[in-house]
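The opening residue of the sequence shown carries number 603 in the numbering used here; numbering runs sequentially from there. Okay, so here's the structure we're looking at.
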Amino acid sequence: MSARGIRFGLASLLCACAAALVLFTGVHATSETLPSKLSDQEYWKLVTELSEPDGWFRSDNLLSNEIWMQYVIPELTRTVKPGRVYMGVGPEQNFTYIAAVKPRMVFIVDIRRGNMDLQLMYKALFESSSDRVEFVSRLFSRKRPEGLAGAATAQDIFTAFMKVEPTEAAFKDNLKAIDDRLTKKHGFALSDVDLGNIENIYKAFYTYGPGLQYSSTGGFGGRAQPTYADLMTATDGTGQNRSYLASEETFTTIKKLEADNLIVPVVGDFAGPKAIRAVGKYLKERGGIVSAFYLSNVEQYLAQQDKYPAFCANVAALPLDETSRFIRATRSNNGGYYGRGFGLTTELGEMATEVKACAQ
Numbered sequence: 603m604s605a606r607g608i609r610f611g612l613a614s615l616l617c618a619c620a621a622a623l624v625l626f627t628g629v630h631a632t633s634e635t636l637p638s639k640l641s642d643q644e645y646w647k648l649v650t651e652l653s654e655p656d657g658w659f660r661s662d663n664l665l666s667n668e669i670w671m672q673y674v675i676p677e678l679t680r681t682v683k684p685g686r687v688y689m690g691v692g693p694e695q696n697f698t699y700i701a702a703v704k705p706r707m708v709f710i711v712d713i714r715r716g717n718m719d720l721q722l723m724y725k726a727l728f729e730s731s732s733d734r735v736e737f738v739s740r741l742f743s744r745k746r747p748e749g750l751a752g753a754a755t756a757q758d759i760f761t762a763f764m765k766v767e768p769t770e771a772a773f774k775d776n777l778k779a780i781d782d783r784l785t786k787k788h789g790f791a792l793s794d795v796d797l798g799n800i801e802n803i804y805k806a807f808y809t810y811g812p813g814l815q816y817s818s819t820g821g822f823g824g825r826a827q828p829t830y831a832d833l834m835t836a837t838d839g840t841g842q843n844r845s846y847l848a849s850e851e852t853f854t855t856i857k858k859l860e861a862d863n864l865i866v867p868v869v870g871d872f873a874g875p876k877a878i879r880a881v882g883k884y885l886k887e888r889g890g891i892v893s894a895f896y897l898s899n900v901e902q903y904l905a906q907q908d909k910y911p912a913f914c915a916n917v918a919a920l921p922l923d924e925t926s927r928f929i930r931a932t933r934s935n936n937g938g939y940y941g942r943g944f945g946l947t948t949e950l951g952e953m954a955t956e957v958k959a960c961a962q
């Protein structure tokens with residue numbers, strides 16, 4: 603074959619591959635243009651423009667009740683690709699999955715504006731803390747224990763903090779620092795309701811400390827629920843702790859994303875008309891692909907309200923590929939009894955395959 607023919611053949615092959623990529627993922631086959639950092643103005647514009655009106659859920663959800671959530675992480679990290687986009691719902695369990703999949707950008711979509719306020723509280727605490735011990739100290743308004751080095755395990759850290767009493771002075775000082783960082787340093791237009799939500803949320807962490815549970819502030823499930831300390835010291839089933847506070851490396855992964863304004867909280871119903879589709883449009887315009895979408899057990903409630911088809915269609919509008927994975931919590935009696943983790947275990951699902959029939 604002539605050199606001209608070889609060049610023509612290669613060009614045709616590349617065009618065909620590009621066309622296939624567009625067909626499968628719904629994104630343009632151009633170089634990825636996801637931001638490496640957002641300005642405060644860009645960040646807040648995303649938060650406000652992607653969001654829907656505040657919705658309702660029956661509990662505050664200040665932390666997870668899924669003690670087995672780390673069990674899927676070994677398979678998850680073997681499957682998904684780093685440097686993409688993570689989506690999730692709810693509070694701190696997202697940080698553990700984010701530390702595992704190492705995305706370039708994050709969107710946390712929750713029907714409750716209170717979750718947005720919770721995520722903003724975390725953002726301020728990550729940014730103002732130099733290491734895990736300082737972070738836990740600020741999170742629970744407890745003095746930093748002596749003798750905890752950078753190599754300390756999560757178990758070491760929480761064992762030490764369980765012996766420390768909170769102080770009201772630390773709570774007030776830290777709350778003011780959180781509010782000032784969000785409203786003055788970043789310039790976010792938080793309402794009095796938002797600031798009141800942040801105060802109430804932070805007061806729960808001050809009151810209950812590392813013993814905080816899903817049910818502490820009005821959730822259900824009783825005292826058998828895992829505590830914050832339990833969740834941070836749990837393992838992936840092989841004996842390895844993979845929580846976001848397991849090491850300085852996992853902590854720093856989250857801290858950097860927060861500092862770069864790349865963990866974006868969005869108020870939205872999974873089956874709503876705007877939030878998930880707006881995230882999808884933003885990502886497609888920038889060549890982004892969703893690596894993982896943590897659902898908790900939201901699908902259970904969507905099915906009860908006949909909203910699952912709308913949710914499925916929303917997800918089908920996201921840019922996906924064959925490695926994109928759902929992370930979902932399902933009911934079981936893992937561990938021999940119902941109470942611990944409220945009978946929830948975690949499994950993965952192939953996103954593109956599951957929502958293919960829902961594409962509109």
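All C-beta atoms in this analysis are idealised placements derived from N, C-alpha and C, irrespective of residue type, glycine included.
Check	Outcome
Which residues in the same chain have their Cβ closer than 6 angstroms to the Cβ of Leu920, if we skip the five residues on either side of it in sequence?	Gly882 and Val892
Is it true that the CB of Glu654 sits closer than 9 angstroms to the CB of Pro875?	yes
Would you report the Cα separation of Gly841 and Asp832, rounded to the nearest angstrom?	14 angstroms
So is Asp796 buried or exposed if we call it buried at 16+ other beta carbons inside 10 Å?	buried
Please say whether Ser666 and Pro963 have beta carbons closer to each other than 9 angstroms?	Nothing about residue 963 can be read from this structure; the chain reaches only from 603 to 962.
Jot down the residue ranges of each uninterrupted alpha helix (DSSP H) in the segment 767 to 816, minimum 4 residues, whole runs only, in chain order.	770 to 782 and 794 to 810
Along the chain, where does the beta strand (DSSP E) that runs through Gly690 open and close?	Val687 to Gly690
Quick check for students: name the residue ranges of the beta strand (DSSP E) that lie wholly in the segment 865 to 937, counting only runs of 3 or more.	865 to 869, 892 to 898 and 927 to 933
Under a three-way DSSP split, which group does Leu640 fall into?	coil
According to DSSP, simplified to helix, strand and coil, what is Thr650?	helix
Is Glu767 closer than 9 angstroms to Ala861 when the C-beta atoms are compared?	no
Could you check where the alpha helix (DSSP H) with Val703 kicks off and where it finishes?	Gln695 to Val703
Whose CA, out of Tyr688, Lys725, Ala961 and Asp758, lies closest to the CA of Asn843?	Asp758
Quick check on DSSP: helix, strand or coil for Leu665?	coil
Whose CA, out of Asn696, Pro676 and Thr679, lies closest to the CA of Asn663?	Asn696
Leaving out five residues on either side along the sequence, give the residues of the same chain with a beta carbon under 6 angstroms from the beta carbon of Gln815.	Gln827 and Thr829
Taking the C-alpha atoms as reference points, what is the distance between Thr955 and Pro911?	15 angstroms
If you reduce the DSSP assignment to three classes, tell me which class Thr681 lands in.	helix
Closer than 6 angstroms by C-beta to Glu694: which residues in its own chain qualify, once you throw out the five before and the five after it? Chain order, please.	Leu665
Helix, strand or coil: which one does DSSP assign to Gly841?	coil
Using only CA atoms, which one of Phe709, Val691, Gly685 and Arg715 lies nearest to Val703?	Gly685
Measuring alpha carbon to alpha carbon, tell me which residue in Glu887, Thr681 and Gln902 is nearest Thr635.	Glu887
Contact check, Ala894 vs Leu678 under 8 angstroms by CB: the rounded distance?	7 angstroms
Rounded to whole angstroms, what is the Cα-Cα separation between Leu722 and Leu950?	28 angstroms
At the level of alpha carbons, what is the spacing between Ser845 and Ile803?	21 angstroms
From Phe807 to Ala959, what distance separates their C-alpha atoms?	43 angstroms
Can you give the Cα-Cα distance for Glu801 and Glu924, rounded to whole angstroms?	42 angstroms
By Cβ distance below 6 angstroms, which residues in the same chain neighbour Tyr699 in space, the five residues on each side in sequence not counted?	Tyr896
If I'm right that Ile669 touches Val691 with Cβ under 8 angstroms, what's the distance once you round it to whole angstroms?	Actually they do not touch by this definition, with Cβ atoms about 18 angstroms apart.
Should Glu901 be labelled buried (16 or more other beta-carbon atoms within 10 Å of its own) or exposed?	buried
Inspect the beta-carbon positions of Leu720 and Asn863 and report whether they are closer than 9 angstroms.	no
Under 8 angstroms by Cβ, that's how I've got Ile713 and Asp838 pegged, so tell me the actual separation to the nearest angstrom.	So it is not a contact: roughly 29 angstroms between Cβ atoms.
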